[in-house]
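Here's the structure, in structure tokens; my notes come after.
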Amino acid sequence: MPVESPPRNTRGAFRPSWGAWGVSALVAIAAWAGGCGERQPPVGTRPIPALTLEVGNTESVDLAAYFSDPDGDVLSYTARSDDPSVATAAVSGATVQVTAVAVGGAQVWVTAADPGGLSAPQSPWVTVVNPPAAYLVQAVQSSDYPAPVVAGKEALLRVFVTATYRATAETTLPPAKATFYVDGSETYSVKIDGKPETIPTEVDEGSLARSLNVTIPASVIEEGLSVVVDIDPDSTIDAGLLASRRIPKSGELDLGVESVPGFELTVIPFRYTWDPDSSVLDHVDGMESEEEEHELLHDTYDLIPIEEMSVKGHDPVEIDDGRLWYVLDRTAAIRAAESGSGHWMGLIALKGEAGIAELPGTSSASTPNSRVMVHELGHNLNLWHAPCGVRRDGPGYPYDDGSIGAWGYDHRSGSLIDKDRAEDYMSYCVPVWVSDYHFGKAVRYRTAQARSHGEASGRTGPSLLVWGSRSASGELSMDPALVVEGRSLLPEAPGDYTLTGLDGARRELFSVSFEMAEPADAEEGTGMFVFLLPVEPGWEELASLVLAGPGDASFTLDGDTEATMAWIRDSRSGQVRAIRGDFDERPSAPPGHVVRWSRGMPDRDEWSVMTGWGMSPGS
Numbered sequence: 263m264p265v266e267s268p269p270r271n272t273r274g275a276f277r278p279s280w281g282a283w284g285v286s287a288l289v290a291i292a293a294w295a296g297g298c299g300e301r302q303p304p305v306g307t308r309p310i311p312a313l314t315l316e317v318g319n320t321e322s323v324d325l326a327a328y329f330s331d332p333d334g335d336v337l338s339y340t341a342r343s344d345d346p347s348v349a350t351a352a353v354s355g356a357t358v359q360v361t362a363v364a365v366g367g368a369q370v371w372v373t374a375a376d377p378g379g380l381s382a383p384q385s386p387w388v389t390v391v392n393p394p395a396a397y398l399v400q401a402v403q404s405s406d407y408p409a410p411v412v413a414g415k416e417a418l419l420r421v422f423v424t425a426t427y428r429a430t431a432e433t434t435l436p437p438a439k440a441t442f443y444v445d446g447s448e449t450y451s452v453k454i455d456g457k458p459e460t461i462p463t464e465v466d467e468g469s470l471a472r473s474l475n476v477t478i479p480a481s482v483i484e485e486g487l488s489v490v491v492d493i494d495p496d497s498t499i500d501a502g503l504l505a506s507r508r509i510p511k512s513g514e515l516d517l518g519v520e521s522v523p524g525f526e527l528t529v530i531p532f533r534y535t536w537d538p539d540s541s542v543l544d545h546v547d548g549m550e551s552e553e554e555e556h557e558l559l560h561d562t563y564d565l566i567p568i569e570e571m572s573v574k575g576h577d578p579v580e581i582d583d584g585r586l587w588y589v590l591d592r593t594a595a596i597r598a599a600e601s602g603s604g605h606w607m608g609l610i611a612l613k614g615e616a617g618i619a620e621l622p623g624t625s626s627a628s629t630p631n632s633r634v635m636v637h638e639l640g641h642n643l644n645l646w647h648a649p650c651g652v653r654r655d656g657p658g659y660p661y662d663d664g665s666i667g668a669w670g671y672d673h674r675s676g677s678l679i680d681k682d683r684a685e686d687y688m689s690y691c692v693p694v695w696v697s698d699y700h701f702g703k704a705v706r707y708r709t710a711q712a713r714s715h716g717e718a719s720g721r722t723g724p725s726l727l728v729w730g731s732r733s734a735s736g737e738l739s740m741d742p743a744l745v746v747e748g749r750s751l752l753p754e755a756p757g758d759y760t761l762t763g764l765d766g767a768r769r770e771l772f773s774v775s776f777e778m779a780e781p782a783d784a785e786e787g788t789g790m791f792v793f794l795l796p797v798e799p800g801w802e803e804l805a806s807l808v809l810a811g812p813g814d815a816s817f818t819l820d821g822d823t824e825a826t827m828a829w830i831r832d833s834r835s836g837q838v839r840a841i842r843g844d845f846d847e848r849p850s851a852p853p854g855h856v857v858r859w860s861r862g863m864p865d866r867d868e869w870s871v872m873t874g875w876g877m878s879p880g881s
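For the sequence shown, the working numbering begins at 263 and goes up steadily by one.
Here it is, written out as structure tokens:
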């Protein structure tokens, strides 16, 4: 709300109104009356001055300096605000503390009373203004709940100049100068032009016209960056009008810049054998060459905290089941088998917009849609759903309607994103942007992952690929196991599920305990697992796999199943080119390719040819 100048008869005034009599006249009257033997009320010795406070600040006033008692009585004090939503007042002894709550104006009624109940009031005017503010914004920012700023990425500096009272239309936003520092040394400075807008009395983050703005190059944005903004450096505006000529009032303003690791994304184009759509090949080629400038990656680069994006296109992979669930576990298996790093996304052309992802994790599956792709990558970064249109809300999201909660900024169009109309990209609603909450959470997750262990490592060599799932009703199933070359992918921790390998005499060869992963955006209750177990001597005797879960849930996979699986790999590049379960017999290997195949269990031939594939380690 705008701050009006205080009423002429209330600014710094106190009651009763003394007019031309003045303090000395009233003291004389009190002394005359006292000579008649009557007890006299307290008197004000001088007016309590009007106060101007910034939101959140508190000022203490010693009331003994403004009241006295002609009879020499000890005075007690009370105080109240006529608008506690703007300012509050509390008394401790002879001190009143006025706390600024929100922009506006209020009168604080202060009363001094003697033991007999006689009293004298004063009512100083309190003006509450926003503190002068400045911040860097990339995707979203808030002066109340600052979002991190990504190092090495261009940002917009916004400077909010405010007035202590309503300025005339001719008093417009003055120019400013911003000086940036790292470790106390100046690194960059820039002049910011003034604007024809009248100086506002409060910070208005929803208008670029009501702030001074300048783009700061990516090379300037580094950890430890701070700024000092000098407002109206030529002193063209009355000093009493501006809330401050310097931001901050002293020292330097830390801008909250954080370094995040590079974002590596490998995209696999999947082709469904029964309805092949090659459009995904063009999408993947375009993303590899254009990276963040490709339209399918605009949302990913803009909404996820990324400094540098590296995109690699994988050779196309044929599959015989186009459901996103299978695209996800095939993507995870390929990533492990090819010793992949960073995030991997399986892309498939399906009707509609859909995706599924590990939460958290490194693998996802999506249709070629920018909004869906960033949503699934958000799940990889441990972001749950925002509450709009989703089946299950994530814990802790602070805005009930799924809105972004703070003003966003679109650097591509140079425009603001309405904090109340845009929905967070982790919801199912549109239009989408990113909240300050999820931007900050993604930064913390990415930096924590980089600090803790970086890219997971494992033994590279012959591995047993085991994969399976749990339906929403709790039914367990497994795909045929395969012997492949790759980096081991093991359970992160024990859990409620156990996978046991048995030989023909039902002797145990190995057993692993794990928790079933629950992919985001899948039907509630579903689960999946994909592991590459490093092969040990004697495993060529493997005859069956027994998957057991809570209660009586179990599934046995052996060589008597009708299900088959073929794994076709380019022996030169090491890239998987097909994963198909529609071959009744082992298919012939195309030139330059290796085929791994099984009917439930790998036969002895599969185990015996694990050497001499012609592929380098880690391929």
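We treat Cβ as the ideally placed atom computed from N, Cα and C, and that holds for glycine.
Since the model is a prediction, treat every value here as computed from it, not as a measurement.
Helix, strand or coil for residue i per DSSP?
i: Trp-294; result: Reliability fails at Trp-294, whose pLDDT of 40 lies under 50, so the model's placement of it is uncertain and no value is given.
i: Met-549; result: helix
i: Asn-631; result: coil
i: Asn-642; result: helix
i: Thr-593; result: helix
i: Glu-747; result: strand
i: Gln-711; result: helix
i: Lys-439; result: strand
i: Asp-698; result: helix
i: Glu-526; result: strand
i: Arg-674; result: coil
i: Glu-580; result: strand
i: Leu-419; result: strand
Is the beta carbon of residue i less than 7 Å from the beta carbon of residue j?
i: Val-388; j: Ala-425; result: no
i: Ser-572; j: Arg-597; result: no
i: Asp-455; j: Pro-479; result: no
i: Trp-869; j: Val-745; result: yes
i: Asp-331; j: Asp-376; result: yes
i: Thr-373; j: Pro-386; result: no
i: Phe-817; j: Ser-733; result: no
i: Ser-521; j: Glu-485; result: yes
i: Val-774; j: Trp-729; result: no
i: Ala-616; j: Leu-586; result: yes
Suppose you measure from the CA of residue i to the CA of residue j; what does that come to, to the nearest Å?
i: Gly-736; j: Met-778; result: 11 Å
i: Ile-666; j: Val-423; result: 25 Å
i: Asp-662; j: Asp-494; result: 41 Å
i: Glu-514; j: Val-490; result: 5 Å
i: Phe-276; j: Pro-303; result: In this prediction, Phe-276 scores a pLDDT of 37, lower than 50, which makes its location untrustworthy; no coordinate-derived value is stated.
i: Glu-250; j: Arg-507; result: Residue 250 lies beyond the residue range present for the chain, which begins at 263 and ends at 881; the question has no answer from this structure.
i: Glu-620; j: Pro-781; result: 5 Å
i: Ile-841; j: Arg-866; result: 21 Å
i: Ile-610; j: Leu-645; result: 23 Å
i: Gly-414; j: Ser-481; result: 6 Å
i: Val-694; j: Ala-684; result: 5 Å
i: Gly-367; j: Glu-464; result: 12 Å
i: Thr-307; j: Ser-512; result: 35 Å
i: Ala-828; j: Phe-845; result: 7 Å
i: Glu-600; j: Phe-525; result: 18 Å
i: Gly-468; j: Gln-403; result: 11 Å
i: Arg-653; j: Gly-664; result: 13 Å
i: Ala-287; j: Leu-313; result: Note that Ala-287 has pLDDT 37, beneath the 50 cutoff, so the model's placement of it is unreliable and the number below is only indicative. Roughly 27 Å separates the two Cα atoms.
i: Pro-462; j: Leu-419; result: 18 Å
i: Ser-497; j: Asp-698; result: 36 Å
i: Ala-341; j: Pro-309; result: 15 Å
i: Glu-552; j: Val-546; result: 10 Å
i: Phe-329; j: Val-305; result: 6 Å
Round the Cβ separation of residue i and residue j to the nearest angstrom and send it over; I've been treating them as touching at under 8 Å.
i: Val-636; j: Leu-565; result: 6 Å
i: Val-363; j: Val-391; result: Not really, about 12 Å apart at Cβ, beyond 8 Å.
i: Asn-642; j: Pro-622; result: 6 Å
i: Pro-630; j: Leu-558; result: 6 Å
i: Gly-862; j: Asp-822; result: 7 Å
i: Val-411; j: Leu-503; result: About 31 Å separates the two Cβ atoms, so there is no contact after all.
i: Leu-474; j: Val-421; result: 4 Å
Examine the ligand PLP and report whether any of its heavy atoms sits within less than 6 Å of the Cβ of residue i.
i: Glu-747; result: The ligand PLP is not part of this structure, which contains no ligands at all.
I'd like to know if the segment 687-707 and the segment 799-812 are in contact, where contact means that at least 3 CB-CB pairs between them fall below 8 Å. No, they do not touch.
Can we say the segment 318-325 touches the segment 396-406, given the rule of at least three CB pairs closer than 8 Å? No contact exists between the segment 318-325 and the segment 396-406.
Touch check for the segment 746-765 and the segment 590-604: three-plus C-beta pairs under 8 Å? Below 8 Å, enough C-beta pairs join the segment 746-765 and the segment 590-604 to call them touching: three or more.
Are the segment 785-803 and the segment 722-729 touching by the rule of at least three beta carbon pairs closer than 8 Å? Because the criterion of three Cβ pairs below 8 Å is met, the segment 785-803 and the segment 722-729 touch.
Segment contact, 8 Å Cβ cut-off, at least three pairs: the segment 603-618 with the segment 762-769: Contact between the segment 603-618 and the segment 762-769 is absent, because fewer than three Cβ pairs lie under 8 Å.
So, do the segment 572-582 and the segment 520-539 have three or more beta carbon pairs nearer to each other than 8 Å? Short answer: they touch.
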